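Peer 1: Okay, handing you the structure first.
2 protein chains.
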Amino acid sequence: MPPFEDALKNTAGEINSRISDLLPAPEGPESRVIEAMRYAMEAGGKRLRPFLIVESGRLFGVEQEKMYRVAVALECVHTFSLIHDDLPCMDDDDMRRGRPTTHKAFDEATAVLAGDALLSFAFELVSSDRTHQDPFVRCELVTKLAQSVGAHGMIGGQMIDLSMQTLPQDIPTITRLQRLKTGALIAFACESGAIMGRAARDARHALEAYAHDLGLAFQIADDILDVEGDAEELGKAAQKDDGAGKATFISVLGLERAKAQAQMLADQAKRHLVMFDERADLLREAAEFVVSRRN
Amino acid sequence: MPPFEDALKNTAGEINSRISDLLPAPEGPESRVIEAMRYAMEAGGKRLRPFLIVESGRLFGVEQEKMYRVAVALECVHTFSLIHDDLPCMDDDDMRRGRPTTHKAFDEATAVLAGDALLSFAFELVSSDRTHQDPFVRCELVTKLAQSVGAHGMIGGQMIDLSMQTLPQDIPTITRLQRLKTGALIAFACESGAIMGRAARDARHALEAYAHDLGLAFQIADDILDVEGDAEELGKAAQKDDGAGKATFISVLGLERAKAQAQMLADQAKRHLVMFDERADLLREAAEFVVSRRN
Chain E
4 MPPFEDALKN
14 TAGEINSRIS
24 DLLPAPEGPE
34 SRVIEAMRYA
44 MEAGGKRLRP
54 FLIVESGRLF
64 GVEQEKMYRV
74 AVALECVHTF
84 SLIHDDLPCM
94 DDDDMRRGRP
104 TTHKAFDEAT
114 AVLAGDALLS
124 FAFELVSSDR
134 THQDPFVRCE
144 LVTKLAQSVG
154 AHGMIGGQMI
164 DLSMQTLPQD
174 IPTITRLQRL
184 KTGALIAFAC
194 ESGAIMGRAA
204 RDARHALEAY
214 AHDLGLAFQI
224 ADDILDVEGD
234 AEELGKAAQK
244 DDGAGKATFI
254 SVLGLERAKA
264 QAQMLADQAK
274 RHLVMFDERA
284 DLLREAAEFV
294 VSRRN
Chain R
4 MPPFEDALKN
14 TAGEINSRIS
24 DLLPAPEGPE
34 SRVIEAMRYA
44 MEAGGKRLRP
54 FLIVESGRLF
64 GVEQEKMYRV
74 AVALECVHTF
84 SLIHDDLPCM
94 DDDDMRRGRP
104 TTHKAFDEAT
114 AVLAGDALLS
124 FAFELVSSDR
134 THQDPFVRCE
144 LVTKLAQSVG
154 AHGMIGGQMI
164 DLSMQTLPQD
174 IPTITRLQRL
184 KTGALIAFAC
194 ESGAIMGRAA
204 RDARHALEAY
214 AHDLGLAFQI
224 ADDILDVEGD
234 AEELGKAAQK
244 DDGAGKATFI
254 SVLGLERAKA
264 QAQMLADQAK
274 RHLVMFDERA
284 DLLREAAEFV
294 VSRRN
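Chains E and R supply the protein sequences, listed in that same order.
Everything in the first sequence is counted per our numbering, starting at 4 for the first residue and increasing by one.
Everything in the second sequence is counted per our numbering, starting at 4 for the first residue and increasing by one.
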């Protein structure tokens, strides 16, 4: 296995064990909702956002165990968004990563509540003094995370996605959609190390710029996978976005220009990291991975 | 109008204007979700939780404008729970407070997202330095709020409510249901003033005890209103809980014993406030109001 994929897999393993440790235990008559939270969180995936968090913290010498807590919090938020996006009233997906979605494995009401509880739990994790000794840092994480999630963040992005039929199908609208829907959490991931490490302004700006380009590259690559992907390999219905007549970068740019754009953004993302020397090598490889991955 | 109801109405007016000021503006292609957030938040109601927040802050001399921010945050959380509880997959209510519920006025997907965004926004509000100068206080508010909302808080209570058919229909289970579903946010409301005012331990314990009894009294009174209430007056379908065969204090205790229990709890709540002298008179009246209100 190449060193990057090895590192990614290693972080995923650490995160999976922290998820199991940190999430509430399924106790009391309310345990069903906790079982659903755990079911959705254990579904796994590449854990790319946690990897970005851990690697961004490494740049500033932040204790790894603390970055894991932020990583679990962000994974709670990401998973909450997947649970709700899969609901019948949203994208209506029965399968994700080869397993029944949460509302299929449990029921719709439990899935809604499990998503809600994961979102809330993320803030409980981040605001704890075990995440950082400095309460200013914890408050900044809470504020940034809430903004990344909110009406002008990821949730706003999903709202635009659902409204695309009534909006202009052009590059500015699709860029805003993706910058919010996927980009906001990726930006939080990349900036969290700088916040935790109380980094200087220029380092923060470099990571913001990296996250911006990485997020768009990630989304374009995702759209390409949706078109080219094989349903079995992805574990969800491929070409769904295309089939539903949703506007994507591909429907506007065409497949070849979209591929070139994704590669251009990945290259640009890497160039923002120059001040971090070889300490940022894994983040550079992450940018390459995002546009070359097959699922 | 009696002094207490005048004070309640006055606080409601202040809160309504802060809601309008503090919530995000409906801008960008994502504005639909913000319109839905505002629609649900503007539905009003008595604003009892904000009142408890403002009055608990008054006990410790906390600046009123700061308590209003906490109050708006809690009202965001309360409204998020109403939006999601009204969804077809939960209680399936078309009307609330005489107006179409959010998923009826907009659509289900928008309602799910508006609830999510309100929950997230509550943490953004609370973590801001405009809410309190001391970041330790802000972190404690975030942690307490998240716990009040989470799987062992309000959301857990809703989970128990939905699972009642498979759980023992006894007083311990119903008490836990209500302590989580209604009690957790009321407890946060009553304790927030002590947190904001960095109150001594005995004052906090007094407010915790007050909140515990008040929350249960509130819920029993609510159950009584559901049985005795008139659909038009309540603005929602009366006797719904009874019709759906849900266990309540009334189905287990009977109507008369439930009424006596509510009054006993209200009296007990008031007695916890003795250390605050006449400064807590409005909180005492709130306890009486909760069991004597007609809607």
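Even glycine gets a Cβ: it sits at the ideal position worked out from N, Cα and C.
The structure presented is a predicted model; accordingly, all values stated were derived computationally and were not measured.
1) Please list, in chain order, all residues of the same chain as V255/E whose beta carbon is under 8 angstroms from its beta carbon, the five residues on each side excluded.
2) Please classify E3/R: is it buried, with 16 or more other beta-carbons within 10 angstroms of its beta-carbon, or exposed?
3) So V73/R packs on T134/R, CB below 8 angstroms; how close in whole Å?
4) Going by the beta-carbon positions, is the gap between M40/E and A28/R smaller than 8 angstroms?
5) When the Cα atoms are used, what is the spatial distance from A203/E to A197/E?
6) Applying the criterion that 16 or more other CB atoms from any shown protein chain within 10 Å of the CB defines a buried residue, is E33/E buried or exposed?
7) Would you please state the rounded distance, in angstroms, between the beta carbons of I227/R and I253/R? I believe it to be under 8 angstroms.
8) So that I know if they touch, is there some Cβ in chain E lying closer than 8 angstroms to that of R182/R?
9) If you run the structure through DSSP and keep just helix, strand and coil, what is A241/R?
10) Please identify the residue among D24/E, A269/E, E143/E whose C-alpha is closest to the C-alpha of Q222/E.
11) At 7 angstroms on the CB atoms, spell out the chain E contacts of D119/R, in chain order.
12) List the residues of chain R whose Cβ lies closer than 7 angstroms to the Cβ of S166/E, in chain order.
13) Taking just the CA atoms, how far does S59/E sit from L286/E?
14) On the three-pair Cβ rule with 8 angstroms, is the segment 98 to 113 of chain R touching the segment 126 to 146 of chain E?
15) Quick check: the segment 109 to 120 of chain E against the segment 158 to 167 of chain E, are there 3 or more CB pairs under 8 angstroms?
16) Exposed or buried, what is V293/R when buried is set at 16 or more other beta-carbons lying within 10 Å of its beta-carbon?
17) According to the neighbour-count rule (16 or more other Cβ atoms, all chains shown, within 10 Å of its Cβ), is A263/E buried or exposed?
18) Output the distance between the C-alpha atoms of G246/R and S84/R, rounded to the nearest integer angstrom.
19) Just to confirm the assignment, what range does the alpha helix (DSSP H) spanning P175/E have?
20) Beta-carbon within less than 6 angstroms of L25/R's beta-carbon, same chain only, minus the 5 sequence neighbours each way: which residues are those?
21) Determine the direct distance from the alpha carbon of E127/E to that of E143/E, and round the result to whole angstroms.
22) Among the residues of its own chain, which have a CB less than 6 angstroms from the CB of G186/E, if the five just before and after it don't count?
23) Answer yes or no: does any C-beta atom of chain E fall closer than 8 angstroms to that of D244/R?
24) Which stretch, first to last residue, makes up the alpha helix (DSSP H) that contains P326/R?
25) Compute the Euclidean distance between the alpha carbons of L121/E and E78/E, then round it to the nearest angstrom.
26) Only counting the same chain, and skipping five residues up and downstream in sequence, which positions put a Cβ closer than 6 angstroms to that of E288/R?
27) Taking Cβ positions only, does Q161/E come closer than 8 angstroms to chain R?
28) From the DSSP output, read off the bridge partner residues of M98/E.
29) Using only the alpha-carbon positions, how far apart do E259/R and R296/R sit?
30) The alpha helix (DSSP H) spanning D216/E covers which residue range?
31) Check the Cβ-Cβ distances between P138/R and every residue of chain E, and say whether any is below 8 angstroms.
32) Output, in chain order, the set of chain R residues within a Cβ distance shorter than 7 angstroms of V152/E.
33) In three-state DSSP terms, what is M167/E?
34) Is T146/R close to chain E? Criterion is C-beta to C-beta, closer than 8 angstroms.
35) To the nearest angstrom, how far is it from the Cα of L210/R to the Cα of F279/R?
Peer 2: Reading it off the structure:
1) Counting only residues of its own chain and dropping the five nearest sequence neighbours on each side, V255/E has a CB closer than 8 angstroms to the CB of Q172, D173, I174, I177.
2) Residue 3/R lies beyond the stretch modelled for chain R, which goes from 4 to 298, so this question has no answer here.
3) About 6 angstroms separates the two Cβ atoms, so the contact holds.
4) In this structure, A28/R does not lie closer than 8 angstroms to M40/E by Cβ.
5) Their backbone Cα atoms lie some 8 angstroms apart in a straight line.
6) Label assigned to E33/E: buried.
7) Rounded, the Cβ-Cβ distance is 7 angstroms, consistent with contact.
8) Taking Cβ atoms only, chain E never reaches closer than 8 angstroms to R182/R, which makes this a no.
9) Its pLDDT being 49, under 50, A241/R is placed unreliably in this model, and the coordinates cannot settle the point.
10) Comparing Cα-Cα distances from Q222/E to each of D24/E, A269/E, E143/E, the minimum goes to A269/E.
11) Neighbours of D119/R on chain E, chain order: H87, L122, I158.
12) The contacting residues are P32, R35.
13) Each residue's alpha carbon lies about 8 angstroms from the other.
14) Using a Cβ-Cβ distance cut-off of 8 angstroms, the segment 98 to 113 of chain R and the segment 126 to 146 of chain E are not in contact, since fewer than three pairs of beta carbons, one from each stretch, lie closer than that value.
15) Pairwise C-beta distances place the segment 109 to 120 of chain E out of contact with the segment 158 to 167 of chain E, as fewer than three of them are shorter than 8 angstroms.
16) Classification of V293/R: buried, given that the 10 Å Cβ count is 16 or more.
17) Exposed, since its Cβ has fewer than 16 Cβ neighbours within 10 Å.
18) Below a pLDDT of 50, predicted positions are generally treated as unreliable, and G246/R, at 47, falls in that range; no measurement from the model is reported.
19) Annotation for P175/E: the continuous alpha helix (DSSP H) segment containing it runs 174 to 181.
20) Result list for L25/R: V75, in chain order.
21) Distance between the alpha carbons of E143/E and E127/E: 14 angstroms.
22) Excluding residues within five positions, the ones whose Cβ falls inside 6 angstroms are G218.
23) Only weak support exists for where D244/R lies, its pLDDT of 49 falling under 50; the value from the coordinates is given anyway. Cβ-Cβ to chain E under 8 angstroms: no for D244/R.
24) Residue 326/R is absent from the model: chain R starts at 4 and stops at 298.
25) The straight-line gap from Cα to Cα measures roughly 9 angstroms.
26) Within the same chain, E288/R has close Cβ partners F7.
27) Under the 8 angstroms criterion on CB atoms, Q161/E is classed as interfacial with respect to chain R.
28) BP columns for M98/E point to P103/E.
29) The alpha-carbon atoms of E259/R and R296/R are separated by roughly 17 angstroms.
30) Its alpha helix (DSSP H) spans residues 204 to 231.
31) At least one C-beta of chain E is nearer than 8 angstroms to the C-beta of P138/R.
32) By Cβ distance, chain R contributes S123.
33) When secondary structure is reduced to three states using DSSP, M167/E falls in the helix class.
34) Yes, T146/R lies at the interface with chain E (some Cβ there is under 8 angstroms from its Cβ).
35) C-alpha separation (whole angstroms): 10 angstroms.
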